[in-house]
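Report on the structure given below.
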């Protein structure tokens, strides 16, 4: 899974000002992340954060480079971490790996918080 999101303001539940963010989640085929995306969107709604989150395969990520503010990889594509960091971090797009436990339990609020914190870097 890769999460990429764009925003025009700050986000996180404790902030007074919220911004729109675009997120991209990437996994091997782009399908296993759909439930996590749903849970992240639900968490964002509760937090009052406007986000756009998309799940896609690693092959599709390059077509959405201009839409990413951060990129989160699912555990099943952890082997791509160094490659993605090398490609996207020089472009100002931080890249990180979703912890296996958070992914496995589909912990939408925790992964959303991780994505928002990553985008602030």
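Residue numbers (UniProt numbering): 1 to 121.
Glycine is no exception: its CB is placed at the ideal position from the N, C-alpha and C atoms.
Just so we're clear, the structure is a prediction, and the values are computed from it rather than from any experiment.
The beta strand (DSSP E) enclosing residue i, as first and last residue numbers
i, result
"residue 36", "Note, residue 36: premise wrong, no beta strand (DSSP E); alpha helix (DSSP H) at 34–47."
"residue 54", "51–57"
Cα-Cα separation between residue i and residue j, rounded to whole angstroms
i, j, result
"residue 65", "residue 109", "25 Å"
"residue 90", "residue 83", "12 Å"
"residue 71", "residue 46", "22 Å"
"residue 86", "residue 93", "10 Å"
"residue 48", "residue 116", "13 Å"
"residue 63", "residue 53", "15 Å"
Residue(s) in a DSSP beta bridge with residue i
i, result
"residue 68", "For residue 68, which the question treats as bridged, DSSP gives no partner whatsoever."
"residue 95", "71"
Own chain partners of residue i with C-beta closer than 7 Å, once the 5 adjacent residues on each side are dropped
i, result
"residue 100", "75"
"residue 39", "106, 108"
First and last residue of the uninterrupted alpha helix (DSSP H) at residue i
i, result
"residue 112", "108–119"
"residue 100", "100–104"
"residue 81", "81–88"
8 Å contact criterion, which residue i and residue j should meet: CB distance rounded
i, j, result
"residue 118", "residue 96", "5 Å"
"residue 51", "residue 44", "5 Å"
Neighbourhood of residue i by C-beta, 8 Å cutoff - its chain only, sequence neighbours within 5 removed
i, result
"residue 34", "55"
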